[in-house]
Every structure is written in C-alpha cells, then in structure tokens.
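Q: Protein chains in written order, with this note's numbering: chain A, 1 to 302; chain B, 1001 to 1302; chain C, 2001 to 2302.
Each residue gets a CB set at the ideal place from its N, CA and C atoms; glycine is no exception.
Since the structure is predicted, the reported quantities are computational estimates derived from the model, not experimental observations.
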Amino acid sequence: MELLRTLLFVPGNRPKMIEKAKGVNADALIFDLEDAVPLAEKATARRMVSEAVGSGDYPHFKLFVRVNALTTNLLPDDLEAAVGRNVFGIVLPKAEYAEGIAEVHLMLLERERRLGLPEGHTRILPIVETVRGVLNVSQIAGCHERLVGLAFGAEDFATDLGVERSREGTEGRYPMAQIALYARLTGVVAVDSVFSDIGDDEGLEENARLAKQLGFRGKLVIHPRQIEPVNRIFTPSEQEVEWARLVVAAFEEAEARGEASVAVNGKLVDIPIAERARDLLALAEAISKQQSAVNFQKESEK
Amino acid sequence: MELLRTLLFVPGNRPKMIEKAKGVNADALIFDLEDAVPLAEKATARRMVSEAVGSGDYPHFKLFVRVNALTTNLLPDDLEAAVGRNVFGIVLPKAEYAEGIAEVHLMLLERERRLGLPEGHTRILPIVETVRGVLNVSQIAGCHERLVGLAFGAEDFATDLGVERSREGTEGRYPMAQIALYARLTGVVAVDSVFSDIGDDEGLEENARLAKQLGFRGKLVIHPRQIEPVNRIFTPSEQEVEWARLVVAAFEEAEARGEASVAVNGKLVDIPIAERARDLLALAEAISKQQSAVNFQKESEK
Amino acid sequence: MELLRTLLFVPGNRPKMIEKAKGVNADALIFDLEDAVPLAEKATARRMVSEAVGSGDYPHFKLFVRVNALTTNLLPDDLEAAVGRNVFGIVLPKAEYAEGIAEVHLMLLERERRLGLPEGHTRILPIVETVRGVLNVSQIAGCHERLVGLAFGAEDFATDLGVERSREGTEGRYPMAQIALYARLTGVVAVDSVFSDIGDDEGLEENARLAKQLGFRGKLVIHPRQIEPVNRIFTPSEQEVEWARLVVAAFEEAEARGEASVAVNGKLVDIPIAERARDLLALAEAISKQQSAVNFQKESEK
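1) Tell me, to the nearest whole angstrom, how far the beta carbon of Y182(A) is from that of S138(A); I am working on the premise that it is less than 8 angstroms.
2) Give me, in chain order, the residues of the same chain whose beta-carbon lies closer than 7 angstroms to that of M942(B); leave out the 5 immediate sequence neighbours on both sides.
3) Tell me whether the beta-carbon of T1122(B) lies closer than 7 angstroms to the beta-carbon of G1149(B).
4) Output, in sequence order along the chain, the residues in the region 2204–2218 of chain C whose CB is closer than 8 angstroms to any CB in chain B.
5) Residues of chain C with CB under 7 angstroms from G276(A), in chain order?
6) Which residues in chain A sit within 8 angstroms of R1184(B), going by Cβ to Cβ distance?
7) Can you name the residues of chain A whose CB is closer than 7 angstroms to the CB of P1272(B)?
8) Let me make sure I understand the geometry here. Which of V49(A), V83(A), V104(A) and L280(A) has the alpha-carbon closest to that of N73(A)?
9) Would T2235(C) count as contacting chain A if we go by Cβ distances under 7 angstroms?
10) Does A177(A) come within less than 7 angstroms of chain C when only Cβ atoms are used?
11) Could you check whether the Cβ of T2170(C) sits closer than 7 angstroms to any Cβ belonging to chain A?
12) Which chain B residues sit within Cβ distance under 9 angstroms of E2259(C)?
13) Among the residues of its own chain, which have a CB less than 7 angstroms from the CB of Q1178(B), if the five just before and after it don't count?
14) Would D2057(C) pass as an interface residue toward chain B - the criterion being a Cβ-Cβ separation below 7 angstroms?
15) Going by the CB atoms, is the gap between A2045(C) and V2037(C) shorter than 7 angstroms?
16) Any beta carbon from chain B within less than 7 angstroms of Y303(A)'s own beta carbon?
17) Quick check: what's the CA-CA separation for I1287(B) versus V2247(C)?
18) For E171(A) versus Q1213(B), is the C-beta spacing smaller than 7 angstroms?
19) Helix, strand or coil: which one does DSSP assign to P1229(B)?
20) How do the region 2186–2194 of chain C and the region 196–210 of chain A stand: do at least 3 beta-carbon pairs fall below 8 angstroms, yes or no?
21) DSSP beta-bridge partners for T1006(B)?
22) Could you check how far apart the C-beta atoms of I2127(C) and G2153(C) are, in whole angstroms? I think they sit under 8 angstroms.
23) So, helix, strand or coil for R1066(B), using DSSP?
24) Give me the Cβ distance between V1221(B) and L2185(C), rounded to the nearest whole Å; I'm assuming they're in contact under 8 angstroms.
25) Do A1250(B) and V1264(B) count as a contact pair if the criterion is CB distance below 7 angstroms?
26) Which same chain residues end up closer than 7 angstroms to G2203(C) when comparing Cβ atoms and leaving out the 5 residues on each side of it in sequence?
27) Does the beta-carbon of S1292(B) have 16 or more other beta-carbons within 10 angstroms, so that it is buried, or is it exposed?
28) So A2180(C) packs on G2215(C), CB below 8 angstroms; how close in whole Å?
29) Could you tell me if R2257(C) is buried or exposed, where buried requires 16 or more neighbouring beta carbons within 10 angstroms of its beta carbon?
30) Just mark D2032(C) as buried or exposed, buried being the case when its beta carbon has 16 or more other beta carbons within 10 Å.
31) State buried or exposed for G2116(C), treating a residue as buried only when at least 16 other CB atoms are found within 10 Å of its CB.
32) Three-state secondary structure (DSSP) at K267(A)?
33) To the nearest angstrom, how far is the alpha carbon of E2112(C) from that of V1083(B)?
34) What does the alpha-carbon distance come out to for the pair G2056(C) and A2095(C)?
35) Give a yes or no on whether the C-beta atoms belonging to M1048(B) and L1079(B) are separated by under 7 angstroms.
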C-alpha cells in the first residue's frame, strides 16, 4: 500500500502556487485541471502542468494530475498533458462505474505506448463523490490494477445528495464506511475528502481523526497549512511505534517457542494484535523513507 | 421532485379530524385506512375517505390514502375507495419487494381505466419499515415510475428489528442512509418517519434536522402542531435563498465570460456549489407556489 | 430464536477456568481452542475440552467450542474434539464465505453420523470479524440451517481494517448494522463482540447498550464479572414485562372486539407495538426457564 497521508491540490493555472508547492511536506501533489481551473484557462493550465511535471523539480513527491471527468470533452487533452514519466497517477473525479475506469485505462495505455512508458505506469485515484458513485463502490473497487486508492469527495457528495455539508460529516458516514472497507478489501489506500474551512484547525483535526478511525490512510488537502496536522494524525506516534516493536519482538519469540500468544506489559498479544503491530511498523518505515527523501532534497537545494 | 415537506396522517374513521384537516398548512394529507383504523371500522373509513377525497374540499393539498399492506386481504377494497381524480397517490405500508409494487400497479391500472383516469394518475409512496424492506431498498427504488418517494417507518422498523425506538434514532441510521441515497439516485423524495411523542417539540426538531442532513426532504407528521416546525426545517431560510440568488447570478455571469468558478463574498463558487444554489432556488419557488395556493384558498373561504 | 445473552469464553487449556466455569451464570460457555491456546498446547486443549463437554457437568449451559478457522489445518482435529451429544454448537472464527460454512457442515455431518448423533445436531455460530466477512454478511446469513446466530468480532475487524479499536466503536457501526439486520432477517441471534477492557465496567455497559439498540440479543464475554451486567442489559426490566403483559392483554381483548388498536395508559397500541410486547414476553419466559435450570442445578449441588 502506497504512503499517501497528504495529497495537496495545486491549481494548474497558478504559477506561484505551482512553484511554492516544491517546498511543502506533503506525500503527494495533485496538479488540478478540474474545478480550480475556469474553462477559458484549461489550455494554459495544461501547458503549465505539463511543464511542471516534466521539469524534474518535484522528485520527492508522488505527482498526480486531476483531470476533468469522463463525462466532459476535456479529458483527452487533459490526459495528453498529464501522462509522463514523472507522473505517478491521475486523479479521476466523479467516478461512478467500472466501465468508465476501463475506458480511461485504454486512453492511458495509448499514451503510455506512444511515450515509451511501461504499460500501467500511470495509476488512477478515483474520487467517489456522487450518490451513484457511493452506491457503486463495490464495482469501482478492484476494477483495475491501476487503482492506487479510493478517495472520498464530501463536498460534491453533499451537493449531489442535496444537503449542506455538515461540520461533523453526518451525511458522509455511510459513504466513508463503504469506501474504507472496499479500499481495504482490495488493498488500496482510502483517501479522505478535503476539509474546506482553511481557518478551522480544530475542525480539520477532528475530521482527519474520524477518517483515520474509519480506516482512511490519508486526506486531500487544499492549503499548505493543513499538511502538518494531517501528516501528524496519519503518522503513528512514537509510543505506538515503540509498542509495536515490543509486540513484534515478543510475538516472534513466542512463535519460535511454538506459542500463539504472549503477554506484553501485562496485556495478552495474539495474532490479530501482532498483525496490527507489524502494520504500524511498515507504515512507520515508509514514513521514515519519505522523510529522508524530503530532507535529502532540502539539503541538496542549499 | 415533488414538494412534500409535511404529510399529515388523518385517521380515515374520524370525521372531525377529516374536517379539521382542511385548514392545516401541510403540503400533503394522508387519509389513513391502515393502523389508525380498527378492523370493524375499515368499511366505514373507506366510505368517509372516499367522500372526503371526492368532495373537492382539499384543493391545495396533495392527497394520499394509506391503504393496508399487500399481505392483507384489505387492499383491493382500500384501493377501490382510494383511487380517484383528486387523489395524488397511495401510501403503501410495509413495502418489501419490487414485485409487490408491480402487483399494486396492476390493481391501480385496472381502476384508473374503469374511472377514465390517465394511466399512472395514482402515484405510490412506499413505506420502508421492515428489516427486509431496508435490505431490499435497492430493488424497491426506481422499480416503477409511479413512485413519488421513499418513506421510512422508524416505529415499525424498530419493532421488526426487535428493539425499542430510541430518541436519537441510533437503530435507524443505516436504514435512513440507504433510503436517502436510493431516493436521490432515482430522483424521488425521501420522506422521514413520524415522530410519535407529540409533546416533545425539541425531539421533533432534532429528529427532522437529522433527517434533513441525511438527505430527506420531508417528514410524516401525526398532529397539526408538528406541521409548522417541520415545514420550517425543510424550507430554506431567507439568508439561504438570498445567498443562492447571489451565487446563481454570479456564476451565470462567470459562465458567460467562459469561467468555471467565481468568488462570491470572498468564497470560491464552482460547479457543485452553483448546482446546490440552483437546487435551493427551485425548492424555494415550489414552496412559494404552494403557499400562494394555500393563501388563495383561505381568502376564497372568507 | 435461542436465548444467548452471555457467551463466556473459557480457554481450552486452563483446567482451573474450565472447572470454575461450572458455577457462572452465563447462558452459554465457549471452550476456546483458537486464539487463547498457543500452538504447542492445541492437542492438550482438545483433550481437556473433549473431556469437559463429555462430562455432563455443564447441564444448564449451551456449550460451544470455538475451533480454529477453516484456513488453518487445525480444524479437523478441533472438530473431532468438539462434536458430541452435549455440545450445542461450534463457534467458527473469521467466517467469510457461505462456501466455507458448507464445507464445515460436511465435516460436522461426517462426525455426527459416526457418533450416531442426529444430522444437524451441531449448530454453527460464525464470527464475522474481517473486512471481507462484513462485506459478505448477506451471503453468510441464512446460508445454512445450522446457523444459530451471527457474531461480531470487533477486535479482529479493527485490526483487519488497519485501525485501533475505539471505545465508542465508531469503526464498528456499519458492520454491526449489517450483522444485526441480516441476523434478524434470517431469524437468528445477533451476538456482539467481546469488550476487552475487563476493568472498565462503564465502557462494557455502554458497549452492550449500543449493541442492544442496534438489534443484538447478546454478547461474547471474556471474564465472569462481565456476565451480570450483560445479562441485565439483555434482560427486559420488570416494568417492561409488566407493560408488555398489559399491552398484550388489552390488545387481545381489542382484537376479540374486532378492533386493531387500543389505548393502554393513555397511549395508542397498534399491531407493531403489540408485536413488540409479545416479543418481550417470549424473551422474559425464556430467561425465566433458563434461570430455573440454573437454580435447580445449584440446589441439587448442595
């Protein structure tokens, strides 16, 4: 499973923000060609994004491009701008059907062949953000090996349902449960929605914590100041990592003795708990590698 | 989508309540032949209801008749009493299968032909109020074009599940999410359950607000005093309408300039937000038309 | 529906606990051959459990044996030890597919025939405790007439989802709703997960109350001190039973008069409420019979 704690949206038509994004500490950037870009600027944005991802200036990020939905006539040109060696994947809004993703796959394949990239090089992160998408999660999940995750779009979902998005996310509970379970079932990352109120730090943290508790591994963010708190919430704490080390070590010794459980600090550790500990350690290691890459990059820029 | 904020149950065997209902401000009346009417009075109730709906005295309401469930032998006579020119639809309790609704459709069709009414004149509002009904919502929703909505019956659902209905509605969260999503998917109104405690104004409001947040557009009510608060909750506020007007106007200007987003009062408005605003304006207009009809009726009665 | 308010886990390799379990007031005992027993002690545990269930010393309990999952190679030997005249059923962990249960059925059948037991003597209580199991509840429920219930395993589920189990059970809401509804649909008992923190009485009670509200009828327990509070929560109160008696009596008189509803203490009682009252009385009677058996046993031991 890929490390995708924070995915920062960067408007594809804003040179300053594209430049500034180089220095942020997100796990991924999403250059946006969709909602942030007015129709009149789509062509300009495609050029800017294409140049940015081709520049090699974002080596320590997973780079995504959010293209326009399959139902628009903008998608082919968007993909033309998006697909490339440095691009980890595309973010596909308003995902509703497995067939739609199969269609996008063919369009990607054609471009990958033309550019001499390995087939399947470009991953897909679909955003489930319509009523139909939510009710079709079971068919979207696992429909293609390009899928790297399933993201939830709370704002558009609320609109499509005809309600105002609530701070507590009442209306999103069922969609989130569906997305988290199917992501886990198919071994991909569940990515939570943006939190739109940039000034509401407490709301952001509550929002991210709830998502984590429901099984999400990361969150879309729309402002650099949201990166630190979200990274923090989706990163295991030092105590957790310490606990996981103890548990894994104790459990491995127990297994070597032919035992299926062991006491750690007075608490019984059995297979499921040992698995959870291993999961935590793998996550901590991925985070540490990512942090090294960021630091190396920052050093080399000095 | 029809305007159905409040649907008031009127016992079919109570002449005073049938009379009194003429003056209430609900969007719809439901003359009840089911739970409110003891077996010994079903025939009397049918006559009273048939007379009431035939009288032309309820011109500004959508008139429904709640018939007995398909599993009873009471349904054919109920439909005989219910179907008529002034009757907007029937409320079908304990809906569980698409097949059941297809059966009711044929019974309605036969009566409509006999009475010279347009085929499909009589709409159906099924109440999902059993465990099986909840688990079959996906097959009930959209199974017939007569469907005008999907209603939730929290009391019977709790009983069928074997629990006491809670004030917070914990046990109803999953059913409500299912009903709201499938209603929206199929373009019909999600109608929330009755709130039985007539004296508990605060409980009623919380209950209605939760339903609204989950995507419901209206609520069954059992007492005239419940109408005003429920209407209010399912009516957009003046500020909301004002905001929606601003947003739609600004967005249309932006679109004319070839732009896909615009700032309104310092906040970005993109396509989903503009759609939500249009939705609010359409609702406000439907409410204003309904209110004019009520007022005209009250004037002409003076 | 069987009475299964409390099912106490008893480690199969702990003679003292096996002995002590004779005196507890749970509705069922589950002798555990799975998570509580290290690999090196599986054989010993099977002998101890086989002896205990064969002893006839647990006459007033429903006796279960938790076997190891179908995916292990331990299951055939576990079933050899488990199946017997006094054993009410097996608890099957990590249930994920109807096919798996059909396989276990065949293994049980072979043993029942060999032992001269009636075919189907051994019931199955599957534990749904993986993401896949939760997403497959609709196929597991009702897949075989041996099923006596559906149990939820919150700890393993949280681990499989990759989260830490929360005290409020946020991550378990959707799984619990699914399990409760499908259990009810197929007429079997929904059994809630263990609550691991043995010292947290308040947490246990909140946990059990939430489960009850969602439609669960009982709970797995891991310590004798958890039995009394959980039994209490899943037992109707005296007032509830008194109310149910009044309601059923009044409703039967009303029915005899040809009426479908009646006022009891000023509140309207219709068919769904009368059904709920009957349900409560049946539960109270089953509890009373169980308590008599326990008391008779305690008397005869004096």
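A: Reading off the structure:
1) The beta-carbon distance between Y182(A) and S138(A), rounded to whole angstroms, is 6 angstroms. This is short enough to meet the 8 angstroms contact definition.
2) Since the first residue shown for chain B is 1001 and the last is 1302, residue 942(B) is missing from the structure and cannot be characterised.
3) no
4) L2210, K2212, Q2213, L2214, G2215 and R2217
5) Per the sequence shown, residue 276(A) should be read as Arg rather than Gly. Residues of chain C passing the Cβ test: T2159.
6) V131, D160, L161 and G162
7) What P1272(B) touches in chain A: E155, D156 and T159.
8) V104(A)
9) no
10) Answer yes: the Cβ-Cβ gap between A177(A) and chain C drops below 7 angstroms somewhere.
11) yes
12) P1038, L1039, A1040 and E1041
13) V1134 and V1137
14) no
15) Their beta carbons are under 7 angstroms apart, which means V2037(C) touches A2045(C) by this criterion.
16) Outside the displayed range of chain A (1 to 302) lies residue 303(A), so it cannot be described from this structure.
17) 42 angstroms
18) yes
19) helix
20) no
21) K1219(B)
22) 5 angstroms
23) strand
24) About 30 angstroms separates the two Cβ atoms, so there is no contact after all.
25) Contact flag set, yes.
26) R2167, F2195 and D2197
27) Exposed, since its Cβ has fewer than 16 Cβ neighbours within 10 Å.
28) 3 angstroms
29) exposed
30) buried
31) exposed
32) strand
33) 59 angstroms
34) For the pair G2056(C) and A2095(C), the Cα-to-Cα distance works out to about 30 angstroms.
35) no
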